Each structure stands twice: as C-alpha cells, then as structure tokens.
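For what it's worth, this note's numbering labels the leading residue of the sequence shown as 622, then goes sequentially. Where a beta carbon is used, it is the ideal one built from N, C-alpha and C, also for glycine. Keep in mind that this is a model prediction, so the values were computed, not measured. Below: the structure, in structure tokens.
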Amino acid sequence: MSNDVIKYPNEPTRITEADLDSLLLFCVRNEASDITLQTGDQVVVDIHGRLRRVTEHKLTNSEVAGLLNAIYGANGTAQILSGKDLDTHYEIKPSRGERYRFRVNGTGCHVEGHEGIQITMRTIPIDPPYLKDMNLPEDLVEGLIPAQGIVIVAGATGSGKSTLLAGIMREILENENGKVLSYEAPIEFVYDNVPQPRTLIAQHEIPANLPNFPAAVRNALRRKPNYILVGEARDKETIAAVIDAALTGHVVYTTVHSNGVADTLRRMIAAFPADERHGRGVDLIELIRAIVWQQLLPTKDGRRIPQREWLVFDDQVREELLKTELK
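This is the structure:
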C-alpha cells in the first residue's frame with residue numbers, strides 16, 4: 622500500500638452515522654474510486670489504482686456495524702452475522718447541485734481472530750458517460766446497438782464494465798425508440814438526467830424487486846421490452862435465460878467475468894452440462910452480436926485507461942466458430 626496519506630480533516634475520535642456523508646464526500650472529492658471500511662483498520666481508498674489511508678483512527682467493529690446499518694438499514698449487521706453478504710447502493714446529496722452514488726458490498730470477515738465486517742463502496746458518477754467519448758471504433762459502436770441478439774461486456778471486477786454499459790444505455794435512451802428494462806445487483810448508474818425522447822427505462826434491483834436474474838428475464842418477457850439489461854450472466858440459469866430472451870427477438874445486454882473475448886464464449890458454454898453444451902454453444906454463436914472485453918491500465922500521469930479487445934459477430938465469424946468443437 623502506498624505510504625501517501627490523504628488526511629481526513631477534523632477527524633472525530635469515533636466515526637458514526639453522522640460522519641458518514643462528510644467522510645464519503647471527502648473521499649469522492651479526492652477522486653477515490655473505491656472506499657473500504659473494515660474492522661480494525663483505517664479508512665482506505667483507491668485513487669487511480671493506488672491504495673491510501675485517509676484516517677489515523679482504526680475502526681472498531683461496532684463503528685463499522687453502525688455505518689453498515691446506516692447504509693443498508695437496521696438489519697444490515699444481523700444479515701452479515703447470519704452468513705450473508707449484502708449488495709446495495711447509497712446516495713448523498715451535499716447540496717442542491719451535488720449528488721453522489723455508491724455501489725456497496727458488506728461482507729463478514731475475521732480480524733485478529735474475531736468476527737469483523739468489511740464494507741466496500743464503489744463511487745458511481747451520477748450521470749452516465751457518452752458513448753462517443755469512450756474512444757470506441759465505429760464498427761464496434763454499430764455492433765453495440767443491434768436490432769436483436771446479445772451484446773456482452775466482459776472483464777474482471779473493476780474493469781469498467783458498468784461504465785461501458787451505461788454509455789450504451791445512454792446512447793439508446795437518447796437516440797433509439799423503445800422500452801428498456803434493466804435488472805442490476807445493485808443499481809449503479811441512473812438515467813434521471815438523460816433525455817429520453819422516444820424511450821422509456823425502468824430499472825430494477827436484484828433481489829429487492831425480483832429474487833434473481835433468471836426470474837428477472839422471465840419478468841421482462843411479460844412486459845414487451847425492446848432492450849433488456851441483465852447485470853451479470855454468471856450461471857447456467859441466467860445464461861439460458863439470456864439466450865431464451867434473445868431467441869424471442871429482444872436485444873439483451875449482459876456482463877461476464879472473463880480473461881478475454883475467447884474466454885468469454887468458453888465460460889458461457891462451459892456453464893452448461895456436457896450434453897447441453899453443443900446446442901447452447903450454437904445458440905450463443907448465432908445470437909451474439911458483439912463481445913467487448915476490457916481492463917484498466919495505469920497511465921504515466923497516475924490515472925487509468927481501458928485497454929479493449931472485441932469481436933463483432935458477422936456471418937464469416939459465425940461460420941468459423943461453428944466449425945469448432947463446442948465444449
């Protein structure tokens with residue numbers, strides 16, 4: 622961890638719910654992308670890929686538990702103690718013109734032989750980016766908004782998948798025509814300030830609004846959408862639901878944790894039992910319109926930029942892939 626310390630001013634002797642918003646605001650204004658609150662440690666932030674501590678005070682378990690309850694609700698700590706982790710979002714509005722959102726995960730952990738809690742908070746820009754500002758080649762941009770089929774954004778955790786998806790959603794809302802249903806765990810970017818002349822979006826949080834992603838896709842198919850966003854395709858049931866939705870003529874967007882374009886397709890096929898892999902693999906090859914994989918790399922000025930590889934599926938690509946053994 623970097624020895625650089627960014628000092629939180631007027632640090633209280635005990636960090637409570639009353640201090641939470643000012644602490645988060647301080648972190649955001651210092652360009653923190655991630656904020657970690659953990660039992661037995663100082664507040665730690667990630668600024669352009671470098672970890673720094675911002676407090677001298679080490680948080681007690683009761684402090685972290687109180688902050689978790691302030692973020693999630695009165696039963697947050699109880700759920701952690703029962704062996705569950707929590708995914709939610711949190712928002713602060715320090716002034717009329719300022720609004721900040723965070724994706725939050727709370728998980729139990731062991732600290733020096735005792736039960737502890739770690740809260741990880743990812744900062745989310747209040748307005749989604751413009752696709753035109755994301756340095757994407759024109760042929761890829763065209764493949765990202767097809768008439769039907771599946772578009773996959775892939776990469777590791779923290780690689781900017783949600784940001785790229787938000788840029789695609791903004792492009793659709795501002796320039797296309799139709800209904801968008803988004804299912805996320807939790808909701809990250811919001812589109813309140815995005816013009817929607819011929820579109821309508823409804824965002825849903827898993828599991829607050831629906832229990833899981835397969836149930837979300839079943840829900841979507843009853844509501845006549847044009848575009849469906851499924852936050853993550855990580856298991857056989859969700860991948861099958863994504864395929865079935867695309868087979869019915871919808872455009873479906875989803876994310877996959879993978880190590881590249883080829884690995885993305887392999888992982889999705891491998892999620893199925895051996896006797897289903899060929900059929901489901903053929904479905905995926907026929908339905909996928911584009912896969913974009915990315916990672917964030919450091920720059921000389923201490924920031925990070927995305928490095929991407931992509932494949933837009935045309936007839937020639939499909940023909941070559943269908944010649945391979947799908948397993």
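With distance defined between alpha-carbon atoms, name the residue in Ile912, Ala829, Arg843 nearest to lysine 800.
To locate residue 800, count along the sequence shown from 1; it is residue 179. Nearest option by C-alpha distance: Arg843.
Classification of glycine 781 by the beta-carbon crowding that lies within 10 angstroms, buried from 16 upward
Here residue 781 refers to the residue found at position 160 when the sequence shown is read from its first residue. Under a 10 Å Cβ-count criterion, glycine 781 is classified as buried, with 16 or more other Cβ atoms of the shown protein chains found around its own Cβ.
With distance defined between alpha-carbon atoms, name the residue in Ala806, Asp760, Phe723, Ile793 nearest to glutamate 930.
By one-based count along the sequence shown, residue 930 stands at place 309. The shortest Cα separation from glutamate 930 among Ala806, Asp760, Phe723, Ile793 belongs to Asp760.
Can you tell me the Cβ-Cβ gap for valine 872 and valine 851, rounded? I've got them flagged as a contact below 8 Å.
Mapped onto the sequence shown, residue 872 falls at position 251. Mapped onto the sequence shown, residue 851 falls at position 230. About 11 Å separates the beta carbons of valine 872 and valine 851, which is beyond the 8 Å limit, so they are not a contact pair.
Would you kindly report the start and end of the unbroken alpha helix (DSSP H) that includes serine 927?
Here the question's residue 927 lines up with position 306 in the sequence shown. Strictly speaking, residue 927 in this sequence is proline, with serine absent from that position. Segment 925 to 933 is the beta strand (DSSP E) holding proline 927; no alpha helix (DSSP H) there.
Just checking my contact of lysine 747 with leucine 680 at CB under 8 Å: how many whole Å lie between their CB atoms?
Position 126 of the sequence shown, counted from the start, is the residue given in the question as residue 747. Position 59 of the sequence shown, counted from the start, is the residue given in the question as residue 680. According to the sequence displayed, residue 747 carries isoleucine and not lysine. About 27 Å separates the two Cβ atoms, so there is no contact after all.
Closest Cβ-Cβ distance between asparagine 847 and chain B: below 7 Å?
Absent from the structure: chain B. Only one protein chain is present.
Measuring CB to CB, does glutamate 853 end up less than 7 Å from arginine 724?
The residue labelled residue 853 in the question sits at position 232 within the sequence shown. The residue labelled residue 724 in the question sits at position 103 within the sequence shown. Their beta carbons are not under 7 Å apart, which means glutamate 853 does not touch arginine 724 by this criterion.
In its own chain, which residues sit with a C-beta less than 8 Å from the C-beta of leucine 794, not counting the 5 before and 5 after it?
Within the sequence shown, numbered from 1, the residue matching residue 794 stands at position 173. Cβ neighbours of leucine 794 beyond the five flanking positions: Val801, Tyr812, Val815, Pro816, Gln817, Thr820, Ile822.
Leaving out five residues before and five after glycine 737 in sequence, what residues of the same chain have Cβ atoms less than 8 Å from its Cβ?
Numbered from its first residue, the sequence shown carries residue 737 at position 116. Gln659, Thr660, Gly661, Asn682, Val685, Gly729, Cys730, His731.
So is valine 938 buried or exposed if we call it buried at 16+ other beta carbons inside 10 Å?
Along the sequence shown, one-based indexing puts residue 938 at 317. Valine 938 should be labelled exposed.
Among the candidates Pro832, His878, Leu707, whose CA atom is the shortest distance from the CA of glutamine 739?
Residue 739 sits at position 118 when you count from the first residue of the sequence shown. Proximity to glutamine 739 across Pro832, His878, Leu707 peaks at Leu707, based on C-alpha coordinates.
On the CB-based measure, 16 or more other CB atoms within 10 Å of its CB, does isoleucine 745 come out buried or exposed?
One-based indexing of the sequence shown puts residue 745 at position 124. A residue is called buried once 16 or more other Cβ atoms fall within 10 Å of its Cβ, and isoleucine 745 is buried on that count.
Report the option in Leu688, Lys845, Phe893 whose CA atom is closest to the CA atom of isoleucine 701.
One-based indexing of the sequence shown puts residue 701 at position 80. Out of Leu688, Lys845, Phe893, the CA that lies nearest to the CA of isoleucine 701 is found in Leu688.
Buried or exposed by the 16-neighbour rule on C-beta atoms within 10 Å, applied to arginine 901
For the purposes of this step, residue 901 is identified with residue 280 of the sequence shown, where counting begins at 1. The residue is buried, with at least 16 neighbouring Cβ atoms inside 10 Å.
Reference arginine 743; option with closest CA among Val913, Leu918, Thr709:
Stepping through the sequence shown from its first residue, residue 743 is reached at position 122. Residue Thr709 is the option with its Cα nearest to arginine 743.
In the DSSP output, which residue or residues are listed as bridge partners for proline 919?
Along the sequence shown, read from residue 1 onward, the residue named residue 919 stands at position 298. Under DSSP, proline 919 shares a beta bridge with Arg925.
From what residue to what residue does the beta strand (DSSP E) around methionine 742 run?
Taking the sequence shown and counting its residues from 1, one reaches residue 742 at position 121. 735 to 745 is the extent of the beta strand (DSSP E) around methionine 742.
Once the 5 residues before and after glycine 632 are set aside, which same chain residues still bring their CB inside 7 Å of it?
In the sequence shown, residue 632 corresponds to position 11, counting from 1. The amino acid occupying residue 632 in the given sequence is glutamate; glycine does not appear at that position. Non-local C-beta neighbours of glutamate 632 in its own chain, meaning closer than 7 Å and more than five positions away in sequence, comprise Thr676, Glu677, His678, ordered along the chain.
Same chain only: Cβ atoms within 8 Å of proline 919, ignoring 5 sequence neighbours per side:
Along the sequence shown, read from residue 1 onward, the residue named residue 919 stands at position 298. Exclusion of the five residues before and after proline 919 leaves His669, Gly670, Arg925 as the residues of its chain whose Cβ lies within less than 8 Å of its Cβ.
Run through DSSP, which three-state label would proline 835 get?
Position 214 of the sequence shown, counted from the start, is the residue given in the question as residue 835. In this structure, proline 835 counts as helix in the three-state DSSP scheme.
Using a threshold of 7 Å, state whether the C-beta atoms of threonine 885 and isoleucine 773 are closer than that.
Counting from 1 along the sequence shown, the entry for residue 885 is found at position 264. Counting from 1 along the sequence shown, the entry for residue 773 is found at position 152. By the CB criterion at 7 Å, threonine 885 and isoleucine 773 fall inside the cutoff.
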